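Novice:
Residue numbers (our numbering): -4 to 486.
1. Between residue 193 and residue 161, what straight-line distance do the alpha-carbon atoms span, to the nearest angstrom?
2. Roughly how many angstroms separate the alpha carbons of residue 442 and residue 426, rounded to a whole number?
3. Provide the residue(s) that pair with residue 337 in DSSP beta bridges, ordered along the chain.
4. I need the straight-line Cα distance from residue 269 to residue 446, nearest angstrom please.
5. How would you call residue 10, buried or exposed, if buried means at least 16 neighbouring beta carbons within 10 angstroms?
6. Please report the distance separating the alpha-carbon of residue 226 from that of residue 131.
7. Just verifying my parser: in three-state terms, what is the DSSP assignment at residue 460?
8. For residue 290, which beta-bridge partners are listed by DSSP?
9. I need the DSSP call for residue 75, collapsed to helix, strand or coil.
10. What is the DSSP secondary structure of residue 413, counted as helix, strand or coil?
11. Taking residue 28 as the reference, which of 66, 41 and 15 has the closest Cα?
12. State the Cα-Cα distance for the pair residue 6 and residue 61, rounded to the nearest angstrom.
13. Span of the beta strand (DSSP E) holding residue 215?
14. For a quick check, are the C-beta atoms of residue 393 and residue 466 less than 8 Å apart?
15. If distances are taken between C-alpha atoms only, which option among 54, 39, 200 and 146 comes closest to residue 344?
16. Alpha carbon to alpha carbon, what distance is there between residue 53 and residue 23?
17. Rounding to the nearest angstrom, what Cα-Cα distance links residue 147 and residue 376 in this structure?
18. Touch check for the stretch 299 to 309 and the stretch 149 to 166: three-plus C-beta pairs under 8 Å?
19. Residue 14 to residue 8, Cα distance in whole Å?
20. Exposed or buried, which one is residue 224 when buried takes at least 16 other CB atoms within 10 Å?
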């Protein structure tokens, strides 16, 4: 019996999907939707190939897949038929409008998952002009990077192909330990360095190691949303601690959660406000941690880019009692798609964190790590950071001058000593969230500072990235921003 659907069936050779895949999907969907009924006899592969003007192998490949998945059966000497034994729920699966939203089901989740459900947008974050944290990619030495990668892929070591030590490639741990010691005064052995898939994974593991269900965990306010999310994922309670001109306020932390055992900080360049924690406060924090078996998570966010003054040592470098867990990443100094970060832990916690890392994803890609080790040890990374530091300083100066010239009636902005973004404080009558939404429609990916607050005492400001935005593009972008600010104020 000739089915009307089969008579009208056609394939598109211009599509990227192979013809046999197109045929398989069309036949499968028509079966699931009840367009072709169970028991219907299919045309012979030769006849269908002739009708569709494709090779017989194309049809046979599609039929084989349908048969393997149980949608059709073959009867000796009688041809192929739609299976009589498809479950009713499978047949009903695609009968509803494909464009209609799926029916909402009430699914019981853990408290941690329910808490994460409401933590904000999980769609991909699109970088563009003024994106905070976006590095300059066009000037990255990709030829050198590709050559190092190629060197290892052309003659890969067998151990790199079969896996990687849980803590990361030994050569990379050695290179990172030396690099961090020279540039950030981090005091560690290679064994204390654990290579991960980014700083977020490092934060997650630290919180997982120290947090019990319901425990108070101290974090900066405003602060990095990923820290709060990791605290919630652990079933712990985030305690937002105000940030002042010297950074994280220890006085407020003690008042808000005197029994907290873990504080999450970005002392070298607080994200997103930008202050550098004073030496006095660093020493006070270390003393606080030492007295009652507490620990400090140090997120050394974009500290490589300091433009004025001498950089203070990392908090970890000042620690004499193994109280600091140091987090870093290659995302800002190289590119975020590399997905390599690291965690430096006290010697007595190495085994614990190796076990935690093993249970997350086993190990990281060894070949990329080997190439990165050479990128660091042969001086490419340090040279690139030096070039970018000079470039970013020029871009910051250019952006500040333009903002002062074109937007001074709407906002106040000052140069940052460190980092890749500015904080422009808005007049009280202007909503930073409204400006963010309007700017994104115009392709400008700045952020609203108020979105980073947990407490009620929030500030109204824009976080404007300058590192990844060329100077020649800035005048037109600032003109757009000035127009948006003016229109918002007028409204």
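Even for Gly, the Cβ is constructed at its ideal location relative to N, Cα and C.
Note that the structure is predicted; figures quoted are calculated from it, not measured.
Specialist: For this structure:
1. Numbered from 1 along the chain shown, position 198 holds the residue referred to as residue 193. Numbered from 1 along the chain shown, position 166 holds the residue referred to as residue 161. C-alpha separation (whole angstroms): 15 Å.
2. Against the chain shown, residue 442 aligns to sequence position 447. Against the chain shown, residue 426 aligns to sequence position 431. Straight-line Cα distance between these residues: approximately 12 Å.
3. By 1-based counting over the chain shown, the position of residue 337 is 342. Answer is 190 and 323, bridged to residue 337.
4. Looking up residue 269 in the chain shown gives position 274. Looking up residue 446 in the chain shown gives position 451. C-alpha separation (whole angstroms): 16 Å.
5. The residue given as residue 10 occupies position 15 in the chain shown. With fewer than 16 other Cβ atoms within 10 Å, it is exposed.
6. Counting from 1 along the chain shown, the entry for residue 226 is found at position 231. Counting from 1 along the chain shown, the entry for residue 131 is found at position 136. Roughly 31 Å separates the two Cα atoms.
7. Along the chain shown, read from residue 1 onward, the residue named residue 460 stands at position 465. Three-state result, residue 460: strand.
8. Here residue 290 corresponds to residue number 295 of the chain shown, with the count starting at 1. According to DSSP, residue 290 bridges with 257.
9. Translated into the one-based positions of the chain shown, residue 75 becomes position 80. Strand, per DSSP.
10. To locate residue 413, count along the chain shown from 1; it is residue 418. In this structure, DSSP gives residue 413 an extended state, which the three-state scheme calls strand.
11. For the purposes of this step, residue 28 is taken as the residue at position 33 of the chain shown. That would be 66, whose Cα lies nearest to the Cα of residue 28.
12. Counting from one through the chain shown, the residue named residue 6 turns up at place 11. Counting from one through the chain shown, the residue named residue 61 turns up at place 66. So the alpha carbons of these two residues sit roughly 17 Å apart.
13. Reading the chain shown from its first residue, position 220 is the one you call residue 215. 211 to 216 is the span of the beta strand (DSSP E), which, as asked, contains residue 215.
14. Reading the chain shown from its first residue, position 398 is the one you call residue 393. Reading the chain shown from its first residue, position 471 is the one you call residue 466. Their beta carbons are under 8 Å apart, which means residue 393 touches residue 466 by this criterion.
15. Here the question's residue 344 lines up with position 349 in the chain shown. Of the candidates 54, 39, 200 and 146, the one whose C-alpha sits nearest the C-alpha of residue 344 is 200.
16. Position 28 of the chain shown, counting from 1, holds the residue named residue 23. Position 58 of the chain shown, counting from 1, holds the residue named residue 53. Using only the alpha carbons, I get a separation of about 15 Å.
17. Position 152 of the chain shown holds residue 147. Position 381 of the chain shown holds residue 376. Their Cα atoms are separated by approximately 18 Å.
18. No: fewer than three Cβ pairs fall under 8 Å.
19. The residue you call residue 14 lines up with position 19 of the chain shown. The residue you call residue 8 lines up with position 13 of the chain shown. If you take the alpha carbons of residue 14 and residue 8, they lie about 7 Å apart.
20. Against the chain shown, residue 224 aligns to sequence position 229. Buried, since its Cβ has 16 or more Cβ neighbours within 10 Å.
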